[in-house]
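Residue numbers (the numbering used here): 197 to 760.
We put the beta carbon where it would ideally sit given N, CA and C, even for glycine.
Keep in mind it's a predicted model, so treat the numbers as computed, not measured.
Okay, so here's the structure we're looking at.
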């Protein structure tokens with residue numbers, strides 16, 4: 197389920213377009229540190245009990261290591277962060293060693309990078325431990341999370357908690373996963389047909405199969421071990437290494453699913469959880485049906501954007517109805533199909549840039565201004581927003597590889613192309629904006645080289661009652677449609693509270709966008725108190741339109757680092 201593109205920026209979003217066209221001739225990258233050498237098709241072993249026992253053993257060892265550093269002080273050796281992390285000096289970094297395969301706790305090990313800003317203790321606040329965050333993806337790094345300590349509205353949380361981020365397995369420097377040559381991401385333009393022909397679909401199917409083979413070749417036998425369950429086990433060990441008996445956690449987007457799986461596997465080790473913009477955790481929807489739901493959600497948010505643009509026709513001149521705005525977008529799409537903007541922005545890059553408008557309304561003014569400028573004869577504004585950026589090609593390739601591996605490993609996917617073609621052809625009739633792009637992104641899962649019989653974790657099946665948890669969601673979220681929020685609340689049990697931002701759809705609600713939501717989140721993290729079974733907050737204000745002559749005007753509020 198693609199919940200990672202939007203706030204990496206248009207450049208990374210555009211670079212992800214070439215997922216289906218791997219450089220099959222490229223030399224394979226080495227496997228993750230200390231992983232087994234590359235081999236053939238992999239099998240996920242049926243070792244759930246062994247993996248649970250292995251994770252328990254590793255967590256006990258981490259607890260002992262933390263205790264040996266002095267009465268519950270962190271067992272991790274936090275030092276100055278490497279320059280590559282680009283973090284300020286008050287943020288410190290460490291490395292956490294975990295097994296590649298928890299069924300073999302003393303087998304091959306991998307290293308996960310961790311960052312931390314210690315609690316400030318401002319105004320005499322008592323330290324409450326570590327607050328660990330995951331921003332989503334899968335495939336996103338949370339290493340920048342400690343920077344929220346300097347954002348408005350985070351002072352009281354930063355005073356009470358050590359703010360801890362980390363890069364999950366496969367991400368960044370944490371046993372990085374790769375499926376193709378990153379340079380292939382940086383090539384544009386990509387031209388996507390509005391209505392893919394049978395021949396085009398067959399080309400994309402062949403490319404998806406080649407991409408899956410590239411994942412197997414580059415990762416080797418390590419490939420089966422990039423899963424949500426293993427991410428949850430890693431989080432369990434990280435909790436212990438931080439010297440915490442119970443986990444306090446913030447997860448956004450995919451991070452909500454990770455948090456829910458953690459709560460299911462380790463209910464006795466949950467202290468507090470904020471789960472923002474939830475993925476529907478119903479095992480019957482993970483992940484194929486969730487992606488169909490997401491395409492429908494994106495269609496609704498794409499219309500919301502066009503309604504907003506039409507309401508501000510006096511500024512943009514794109515028409516007074518969403519249909520008129522759509523017609524203008526289609527004129528731009530036809531134009532870049534003939535002559536790519538800036539030489540690099542074709543129809544694929546165009547769609548990827550405007551997909552961000554389906555994630556976040558704070559990009560609406562820029563995207564509307566780019567359309568208006570193009571139709572007035574200036575393609576440079578669009579090119580600046582949508583052109584692929586070679587500087588982030590490696591990050592984009594890595595994010596795509598982890599995303600693909602986790603989703604393909606987590607759950608069964610249809611193996612026959614006929615099912616994909618039938619479902620997406622039907623869906624595209626009512627949700628054309630992103631349906632086929634989503635299908636082709638996930639299509640490697642149809643021929644995934646890991647032979648797995650593993651089912652998704654049955655979220656909510658934990659034997660113990662969970663403590664109070666807090667779910668927050670936007671009613672019109674496209675990336676993680678709202679139906680997932682009450683489903684997650686139901687599965688978390690009677691102690692779960694749901695805060696809904698009504699009439700809004702930006703992906704990622706907490707952290708600076710809505711004062712009502714933020715007050716509930718802060719109160720919960722500081723006191724453990726939840727506002728009730730279900731609470732509604734009015735929507736945050738829509739963005740103000742920005743004229744073509746004043747696109748830089750107006751400061752934006754400081755938000756939580758990217759929800760992806």
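Residue i, enclosing alpha helix (DSSP H) - first and last residue
i	result
residue 488	484–507
residue 666	First-last for residue 666: 665–670, but that is the beta strand (DSSP E), not the alpha helix (DSSP H).
residue 526	518–534
residue 403	394–415
residue 653	It is not in any alpha helix (DSSP H) - residue 653 carries neither H nor E in the DSSP assignment.
residue 633	631–638
residue 710	Neither: residue 710 is in no alpha helix (DSSP H) and is coded neither H nor E.
residue 604	589–606
residue 550	543–555
Contacting residues, own chain, Cβ-Cβ under 6 Å from residue i (five flanking each side not counted)
i	result
residue 463	658, 660, 662
residue 436	255, 258, 259
residue 328	360, 445
residue 508	741
residue 246	299
Buried/exposed call for residue i, threshold 16 Cβ in 10 Å
i	result
residue 523	exposed
residue 740	exposed
residue 311	buried
residue 239	Low confidence applies to residue 239: its pLDDT is 43, below 50, so where it sits in the model is not reliable, and the reading given next is rough at best. By the neighbour-count rule (16 or more Cβ atoms within 10 Å), residue 239 is not buried but exposed.
residue 540	buried
residue 288	buried
residue 273	exposed
residue 469	buried
residue 519	exposed
residue 317	exposed
residue 280	exposed
residue 339	buried
residue 620	buried
residue 309	buried
residue 460	buried
residue 393	exposed
residue 370	buried
residue 228	Low local confidence applies: a pLDDT of 39 at residue 228 is under 50, so the model's placement there is unreliable, with the coordinate-based value given in what follows. With 16 or more Cβ atoms within 10 Å of its Cβ, residue 228 is classed as buried.
residue 635	buried
residue 665	buried
Nearest neighbour of residue i, chosen from the options [CA to CA]
i	options	result
residue 358	315, 339, 346	315
residue 488	665, 633, 646	633
residue 608	372, 707, 414, 423	423
residue 698	339, 730, 641, 587	730
residue 590	681, 301, 335	335
residue 543	552, 525, 317	525
residue 490	637, 707, 340, 318	637
residue 321	356, 306, 337, 299	356
residue 376	411, 245, 363	411
residue 643	624, 611, 546	611
residue 419	598, 666, 576	598
residue 583	537, 574, 571, 722	537
residue 323	579, 721, 558	721
residue 675	362, 263, 475	475
residue 399	498, 640, 521	640
residue 546	578, 681, 677	578
Residue i: CB within 8 Å of a non-hydrogen atom of the ligand PLP
i	result
residue 383	As for the ligand PLP, it is missing from this structure, which has no ligand bound.
Limits of the unbroken beta strand (DSSP E) element including residue i
i	result
residue 295	288–295
residue 658	Unbroken run through residue 658: none, as it is neither H nor E.
residue 443	443–448
residue 565	Where residue 565 is concerned, there is no enclosing beta strand (DSSP E), although the alpha helix (DSSP H) it sits in stretches over 560–571.
residue 619	First-last for residue 619: 613–624, but that is the alpha helix (DSSP H), not the beta strand (DSSP E).
residue 311	305–313
residue 697	692–697
residue 327	325–330
residue 476	Here residue 476 belongs to no beta strand (DSSP E), and DSSP marks it neither H nor E.
Sequence-distant residues of its chain with Cβ nearer than 7 Å to residue i (five each side left out)
i	result
residue 409	645
residue 705	472, 473, 668, 669, 670, 697, 713
residue 350	344
residue 451	330, 331, 332
residue 365	306, 308, 371, 422, 426, 427, 430
residue 405	643
Residues near residue i by beta carbon distance below 8 Å, same chain, minus five either side
i	result
residue 302	295
Closer than 9 Å to chain B by CB, residue i
i	result
residue 248	Considering every chain present, this structure includes no chain B. It has just one protein chain.
* Is it true that the segment 285–298 meets the segment 428–444, where meeting means three or more beta-carbon pairs spaced less than 8 Å apart? -> Contact between the segment 285–298 and the segment 428–444 is present: 3 or more CB-CB pairs across the two stretches fall below 8 Å.
* Asked: On the three-pair Cβ rule with 8 Å, is the segment 473–488 touching the segment 638–653?
  -> Judged by Cβ distances under 8 Å, the segment 473–488 makes contact with the segment 638–653, as three or more pairs qualify.
* Contact between the segment 683–695 and the segment 721–739 (3+ Cβ pairs under 8 Å) -> Yes: at least three Cβ pairs fall under 8 Å.
* Cβ pair count under 8 Å reaching 3, the segment 526–539 against the segment 383–399 -> Judged by Cβ distances under 8 Å, the segment 526–539 makes contact with the segment 383–399, as three or more pairs qualify.
* To do: Mind the definition here: the segment 336–348 touches the segment 273–284 only if three or more C-beta pairs lie below 8 Å; say whether that holds.
  => Here the segment 336–348 makes contact with the segment 273–284; the two share three or more CB pairs at distances below 8 Å.
* Flag this pair as touching only if the segment 617–636 and the segment 575–593 have three or more C-beta atom pairs under 8 Å; answer yes or no. => Contact fails between the segment 617–636 and the segment 575–593, because fewer than three Cβ pairs, one in each stretch, are under 8 Å apart.
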